[in-house]
Amino acid sequence: MIVGIPKEIKNNESRVGMTPAGVFELVKNNHKVYVQSDAGEGSGFFNQDYQQAGAIILDTIGQVYAMSEMIVKVKEPIEEEYDLIQKGQILFTYFHFASSEALTKAMIRQKAICIAYETVEDEEGTLPLLTPMSEVAGRMAIQQGAKYLEKPVKGRGVLLGGVPGVAPGKVLVLGAGVVGIQAAKMAAGLGAHVTILDINMKRLRYVNDVMPPHVVTEFSNEFNIRRLIKTHDLIIGGVLLKGAKAPNLITRDMLKEMRPGTVIVDVAVDQGGCVETTKPTTHEDPIYIIDDVVHYSVANMPGAVPYTSTMALTNVTLPYALKLANLGWEAACAKDTSLNKGLNIVEGKVVYQEIIEAFGWEEVVA
Ligand SMILES: NC(=O)c1ccc[n+]([C@@H]2O[C@H](COP(=O)([O-])OP(=O)(O)OC[C@H]3O[C@@H](n4cnc5c(N)ncnc54)[C@H](O)[C@@H]3O)[C@@H](O)[C@H]2O)c1
């Protein structure tokens, strides 16, 4: 198969759809790989790295789309890319169709085969192509939170690890899923005292089993949250209700109960956030302050560490990309039920029910 890796043109996106290691595997399997010039630069991979791995470098994004049977990328195509997409071309990337009717209609029009990373689902019901980004964001949440706890950026002026003779800072983690556990682990590693909340007892038992004793679990309810926010310096929001808006576990009135300079990192911002006062921010302007509480709510946290994020993403996407290239999409999806769940639009037809429901369509609209 001929596989194309275009440069991401969405604002502030430095990740790339495939590393040179991925190209090497595809070429080893007798596939041809075109990489747009400088596509990997933002992630620290240069043209010569791709060439050494066996790729052919093309100058323009138009050439990559025109000459490839399958496009592997990171973000959903943006408007400038719509008309470049060929009929029957496989697009393997994040789409998040339910959040954009315009994108959905464009992909129906282009008659491409859209396989969405975010809906590939394994037997346990987890989303293997989303997990690494949650891992990155969870770990990063502590790094960012620790920074904004510093006084010059309006934080409480607390060093998370404390020092001999001074107690460490306290971190409250809402949700013991992928984000929450990674955040708790990083905070614990810095020596902070960590409290992690969830409504799922299985998750709390797991955390209790694997974490050191300075990570304590409590059941998530309003009573406990109101009590804990008064004494914690950094609060991480990592709650997810699949396919729904995150619940507002911290309401506006609760901010007054917190000490000035408390920092909230609401990682769940992409699902509306689990704090009532959360609104999406960017890496250029990541924080804002309400009632003396610092809010950090960057919607694409992994974008700030593209080197790590690109590698983490392609580690998990490559086996599927290889399968698609080796077998073709029909046989690959027929053989692999996880991959089959990734099929969203096939040659102009929406095949993922939730998309039709999200727009209230009775049937497929072109
Ligand atoms: N901002 C970013 O850049 C970024 C990056 C990656 C992921 N995310 C988002 O982070 C969020 C968390 O992702 P995840 O992969 O950890 O999800 P996950 O499904 O692994 O974990 C979510 C956890 O929340 C728990 N939960 C549900 N209701 C709760 C409640 N009332 N109180 C406490 N816990 C509750 C669930 O039981 C589950 O354990 C998602 O919204 C995801 O989209 C954001």
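The sequence shown begins at 17 in my numbering and counts up by one.
Ideal placement from N, C-alpha and C gives every residue a C-beta, glycine not left out.
Quick caveat, the model's predicted, so the values are computed rather than measured.
Shorter than 7 Å, the distance from the beta carbon of N28 to the closest heavy atom of ligand 1, or not? Numbered from its first residue, the sequence shown carries residue 28 at position 12. N28 Cβ: outside cutoff for every heavy atom of ligand 1.
Here's the rule I'm using: 16 or more other beta-carbon atoms within 10 Å means buried, otherwise exposed. How should T155 be labelled? As a working mapping, residue 155 is identified with position 139 in the sequence shown. The sequence shown places Arg at residue 155, rather than the Thr named in the question. Per the 10 Å Cβ criterion, buried.
Using C-beta distances below 7 Å, list every residue in its chain close to I306, excluding the 5 sequence neighbours before and after it, in chain order. Locating residue 306 in the sequence shown gives position 290, counting from the first residue. Around I306: L271 and T293.
Taking 7 Å as the line, does the beta carbon of M149 fall inside it for any heavy atom of ligand 1? Mapped onto the sequence shown, residue 149 falls at position 133. Yes, ligand 1 has a heavy atom inside 7 Å of this Cβ.
Measuring straight from C-alpha to C-alpha, what distance separates T135 and Y222? One-based indexing of the sequence shown puts residue 135 at position 119. One-based indexing of the sequence shown puts residue 222 at position 206. Whole-angstrom Cα-Cα distance: 26 Å.
Just confirm the distance between the C-beta atoms of R31 and R172, as a whole number of angstroms; I'd bet it's less than 8 Å. For the purposes of this step, residue 31 is identified with residue 15 of the sequence shown, where counting begins at 1. For the purposes of this step, residue 172 is identified with residue 156 of the sequence shown, where counting begins at 1. R31 to R172, Cβ: 33 Å. No contact.
Output needed for A208: all residues of its chain with C-beta closer than 6 Å, excluding positions within five of it in sequence on either side, in chain order. One-based indexing of the sequence shown puts residue 208 at position 192. Closer than 6 Å at Cβ, skipping near neighbours: L176, P184, G185 and V187.
Rounding to the nearest angstrom, what Cα-Cα distance links T324 and E346 in this structure? As a position in the sequence shown, residue 324 is number 308, starting the count at 1. As a position in the sequence shown, residue 346 is number 330, starting the count at 1. The straight-line gap from Cα to Cα measures roughly 32 Å.
Are C349 and L190 closer than 8 Å when you measure CB to CB? Position 333 of the sequence shown holds residue 349. Position 174 of the sequence shown holds residue 190. The beta carbons of C349 and L190 sit no closer together than 8 Å.
Let me make sure I understand the geometry here. Which of T211, V255 and V43 has the alpha-carbon closest to that of Q287? Residue 287 sits at position 271 when you count from the first residue of the sequence shown. Cα-wise, what sits closest to Q287 is V255.
Using 7 Å as the cut-off, classify the Cβ of L318 as near or not near the heavy atoms of ligand 1, replying yes or no. Position 302 of the sequence shown, counting from 1, holds the residue named residue 318. The amino acid occupying residue 318 in the given sequence is Pro; Leu does not appear at that position. Flag set: Cβ of P318 near ligand 1.
What runs of the alpha helix (DSSP H), each 4 residues or longer, lie entirely inside the segment 101-187? Runs of the alpha helix (DSSP H) inside the segment 101-187: 117-126 and 147-164.
Can you grab the Cα-Cα spacing for the pair H299 / A128, in whole Å? The sequence position of residue 299 within the sequence shown is 283, counting from 1. The sequence position of residue 128 within the sequence shown is 112, counting from 1. C-alpha separation (whole angstroms): 32 Å.
Mapping DSSP to helix, strand and coil, what is N360? Here the question's residue 360 lines up with position 344 in the sequence shown. Strand, per DSSP.
Looking at the C-beta of A208, does it have a partner C-beta in chain D at a distance below 8 Å? Of the protein chains in this structure there is only one, and it is not chain D.
Verify whether the separation of the beta carbon atoms of C130 and L100 is less than 8 Å. Here residue 130 refers to the residue found at position 114 of the sequence shown. Here residue 100 refers to the residue found at position 84 of the sequence shown. Their beta carbons are not under 8 Å apart, which means C130 does not touch L100 by this criterion.
Considering only the alpha carbon of each residue, which of K26, T109, Q64 and S59 lies closest to G20? On the sequence shown, residue 20 is found 4 positions in, with the first residue counted as 1. Nearest C-alpha to G20: T109.
Mind checking which residues open and close the alpha helix (DSSP H) that includes Q369? Here residue 369 refers to the residue found at position 353 of the sequence shown. Q369 to A374 is the span of the alpha helix (DSSP H), which, as asked, contains Q369.
Under 8 Å by Cβ, that's how I've got N360 and I372 pegged, so tell me the actual separation to the nearest angstrom. Position 344 of the sequence shown, counted from the start, is the residue given in the question as residue 360. Position 356 of the sequence shown, counted from the start, is the residue given in the question as residue 372. Actually they do not touch by this definition, with Cβ atoms about 11 Å apart.
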